[in-house]
């Protein structure tokens, strides 16, 4: 490919609405062009990357026995009503009426349609297992689309759906997809981690996220260097950091802490470690009657150590909080604690409150907490002596780096990640709602056991860039670069020698099936190099009269600090060997 | 590929809503599955055909210098308002509001978005010409979707858009696309014809349709076997069939024709050739004031020979009818002709009427027409003698088979076709509305001159089947068959020899890059053969113990009436040579 036959459009400055580096670089390198909020044109340079990503996904999905089909973008509402998602999904589900006033959705995902296909087509156990996938445009009407392709509204996703006769077989299908995802992200040249994830409201059987490692990632990933433990922070189990509760050593004392309403401030004032303090968080749950009126409200006090954070996903699994909770209002807090937020604690409550202590808090002694009186804290607090044992002890905090790994094999580290894939063992959540059954050996109908498996195709571009860039631009992994090697001739129009050498190398590489770009635009060297460094082509060959005089060209990898001179007649072999490796 | 790793789902009977053969066969062969009215799932077998069609299109578009990108499906209404199509397009444009109540369209085509890209990106004459295309899902909310993928609502289209500095350059871009389309449909193995088409309301400079020949086609195609003249019937010029008007030979006579209100009936009654009669068609045009009220109505009488048909597209090009016409009401007809429809003619009008005669009618003598009196016709009518010359003589009829070719090189034939591609020299229709300009050599802004070029990707499946099928099923051209060759082993599970021979041939073909299917499902031979004949795989090899005993296998092309025995050890070479040819 020659630049004159392609479309290259780079920008010196990123538009002001681009907040993160991948968004900025994708705009500057001309990979995408904004059409509306969260809606992008994929320009020729960007589309090349998408096609390579799709190609790798397709090859590995096929290799894993999944079968490609294509489900429509515009889907009838009836199917979404069958599963209840028509009502459950909020305004992020884009709804549309056709000319006959019938309801449709612009698909954000395709569980309903594939289950509709399966209940018609998969009639016998002999047809199982089956795994269908498609690579299709999706739409999610995000309230605040941003970060370019990372949180866009229209995007491309590969979604696969497996159908099995029982949970055991479904687990095998799940593992097959898990393994395929590992190969997919490995082939893309991305540093990633598969982490156990919460199965959430869907209540499935198992779930893993595939996270591309990047400091700018939205998600926190927990892993153990001494073992293969890895989980999303929402799920990662926090063990008690104190094995056994020590006997009380201090007396209970009410201590003035004027204006010190945070654990950090109190610890500093009292010259105590933050880990000696306890944080109070007040939740509330409402019991409603059939008319939807609140008939009873329960207030909950959740206690985590001062240096820890509440994990709301874990809290949401506690009996009593499972069906939904909210943070308590100031009025409710004053009613139950007799005090405004900032000085709350479990001692001296005005009204009954359910007290839940984190596992670590439950084993603390001589700790500090609010005194339920403005500008006062208690010190030397001890369970049993100064207050009753908590109503419940549970894992309700986020792990922190250095925590023991739940598998007992080392300590936990935390890094940031960008979710690019998600595998989910659904079980019968959809097949039950849609009555998707097969006939077993005895001719009895049984619910199909499902898994679903997504990869954010367009999001991978953003994630790869967040992971691989420098101050000059993008650094694509070879496998998904828009072009693998760029030939930059200096004086292509002026020098017959340069032109001949550049054309020859271009043709050699192209004939060998290597994705090559020859920049014949006639740009000045500085501008030309800057363009290709911004665009992020991983390998560059510079051909100039000065070099050719000595029979040399210059090779530079995108991460190399300097160019390497190579014999002009050996550069093709050099590159071919590099790419075969 | 082995059948057990794929998804095959055939039906004995087509669903009752499938009206045409391609729709029936696509449903029966399991290529598509209905999700809603005009909305289909592309099942694995159908998607394979789509991918092959797309691959050919992509290769030829790239070869023609077009550059692929991808424009979104959900497009902001603002751009559609700029060109006026937001108002002009009726309910076939699917409109949707996002969560912030902003208007969007689900794209039926992308002129607006590509012009928006072009006006930002193509700033200088040095960047021209450029041609961008994408292959993307479209939606048109047809009032009555039917015929499967032929007139569906959601479909895949390749749409390309060229941008040039002037009309001359745009004509060259147009020709390049025309040539690419010829290659595309040739490579697909389809019998087709490129026909000149009407530029219609868009008012462009030139237009050709690519029509797949099929008796069931919706369109009539006119062509000349003695030359390369070809046009859509809407456009094909009808020459006068009578070179010069003969002198009157008969007297004018009012003849009773009771109950004979059609030319056919009158000709039969009077024992005259139909070509001696003249048909009267009454149109009306309304002149409106600024408030949209009708201030004046003009009635038009259009005359075509009794054996000819009015061509409304041609009529719509006449000065006075150009801005829109309608058929006159019975009241208007009675007011102007003093008679109900059925016995109308140009003699003895009650009120002024604009008389337009078809070229042939204008040269007729001694003809027959209605007498503007119920149950009476005039015979022996002659222009000038019995009535004034017509106000206008024009080409207002459809050509018929046997008419002289407008290029003077022979006679016209007519066949039916299915439109699968359309190239259109748009001119500045969109660039003017959207102010899409480039700077010329003198730094002056000039409007970009555009062309647009569509191919109905999914429609090609239907068209190919309408052209290529028999009573047993589809007969795919090699290039777009879901599989090129199917191996049907008889007793794959029972006979080690059969299994070994089938597996070996499968691997040989697969290794040679030939798209092969091995049917390892263990179906009975009759059912297995019927499936693959229905699906339409063009080449079949049957491997059985009985044949292998004599060292033979059986080859049969899908159009062959009988199988050919081949030496088992030569079948691979036989097929490879066949496919290389």
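Protein chains in written order, with my numbering: chain A, 985 to 1565; chain B, 985 to 1565.
Beta carbons are placed, not taken as given, at the ideal position from N, Cα and C, and that holds for glycine.
Check distances from the C-beta atoms of the region 1038-1064 of chain A to those of chain B and list, in chain order, the residues that come in under 8 Å.
1049, 1051, 1052, 1053, 1054, 1055, 1056, 1057, 1058, 1059, 1060
Where does residue 1307 of chain B land, buried or exposed, given buried means 16+ other C-beta within 10 angstroms?
exposed
Rounded to whole angstroms, what's the CA-CA distance from residue 1457 of chain B to residue 1053 of chain B? Just pull it up for me.
37 Å
Give the single residue among A:1443, A:1291, A:1328, A:1270 whose Cα lies nearest to the Cα of residue 1305 of chain A.
A:1270
Secondary structure at residue 1360 of chain B, three-state DSSP: helix, strand or coil?
strand
Relative to chain B, which residues along the region 1119-1134 of chain A have a C-beta separation below 7 Å, given in chain order?
1121, 1123, 1125, 1127
As a quick exercise: from B:1147, B:1085, B:1016, B:1323, pick the residue whose alpha carbon is nearest that of residue 1132 of chain B.
B:1016
Below-8 Å beta-carbon distance, residue 1027 of chain B vs any chain A residue
yes
So within the region 1112-1175 of chain A, which uninterrupted alpha helix (DSSP H) runs reach at least 4 residues, ignoring any that extend past its ends?
1151-1171
Less than 8 Å between CB atoms is the rule here; does residue 1031 of chain B satisfy it with respect to chain A?
yes
Can you tell me whether residue 1311 of chain B is buried or exposed, with buried defined as 16 or more other CB within 10 angstroms of its CB?
exposed
Could you tell me the alpha carbon to alpha carbon distance between residue 1479 of chain B and residue 1037 of chain A, rounded to whole angstroms?
42 Å
Check whether residue 1441 of chain A and residue 1468 of chain A have beta carbons under 8 Å apart:
no
Going along the chain, which residues of its own chain have a beta-carbon closer than 8 Å to the beta-carbon of residue 1027 of chain A, five neighbours each way excluded?
991, 993, 1014, 1015, 1016, 1017
Output needed for residue 1464 of chain B: all residues of its chain with C-beta closer than 6 Å, excluding positions within five of it in sequence on either side, in chain order.
1033, 1036, 1037, 1172
Residue burial classification, residue 1329 of chain A (beta-carbon count within 10 angstroms, cutoff 16):
buried
Do residue 1551 of chain B and residue 1540 of chain B count as a contact pair if the criterion is CB distance below 8 Å?
no
Could you check what DSSP says for residue 1259 of chain B in three-state terms: helix, strand or coil?
helix
Excluding five sequence neighbours on each side, which residues of the same chain lie with their C-beta closer than 7 Å to the C-beta of residue 1226 of chain A?
1344, 1347, 1348
Let me see if you follow: with CB-CB separation under 8 Å, is residue 1528 of chain A close to chain B or not?
no
With a threshold of 8 Å between beta-carbons, can residue 1024 of chain A be considered close to chain B, or not?
yes
Cβ of residue 1250 of chain B within 8 Å of Cβ of residue 1261 of chain B?
yes
In terms of residue numbering, what span does the beta strand (DSSP E) encompassing residue 1538 of chain A cover?
1536-1541
Please classify residue 1464 of chain B: does DSSP put it in a helix, a strand, or coil?
helix
State the start and end residues of the unbroken alpha helix (DSSP H) segment that holds residue 1415 of chain B.
1413-1417
Could you tell me which chain B residues have their CB closer than 7 Å to the CB of residue 1083 of chain A, listed as they occur along the chain?
1075, 1125, 1127
Quick check on this structure: which residue in A:1120, A:1241, A:1507 has the alpha carbon closest to the alpha carbon of residue 1042 of chain A?
A:1120
On the three-state DSSP scale, how would you describe residue 1474 of chain B?
coil
Please decide whether residue 1555 of chain A counts as near chain B, where near means a Cβ-Cβ distance under 8 Å.
no
Under 8 Å, Cβ to Cβ, is there at least one residue of chain A near residue 1285 of chain B?
no
CB contact below 8 Å: residue 1335 of chain B versus chain A
no
Touching or not, the region 1163-1179 of chain B and the region 1363-1381 of chain B, by the rule of three or more beta carbon pairs under 8 Å?
no
For residue 1238 of chain B and residue 1223 of chain B, I'd like the C-alpha separation in whole angstroms.
30 Å
Partners in chain A for residue 989 of chain B, counting only beta-carbon separations shorter than 7 Å
1049
Would a C-beta distance cut-off of 8 Å place residue 1096 of chain A and residue 1064 of chain A closer than the cut-off?
yes
Which bits of chain A does residue 993 of chain B rub up against, with CB to CB less than 8 Å?
1105
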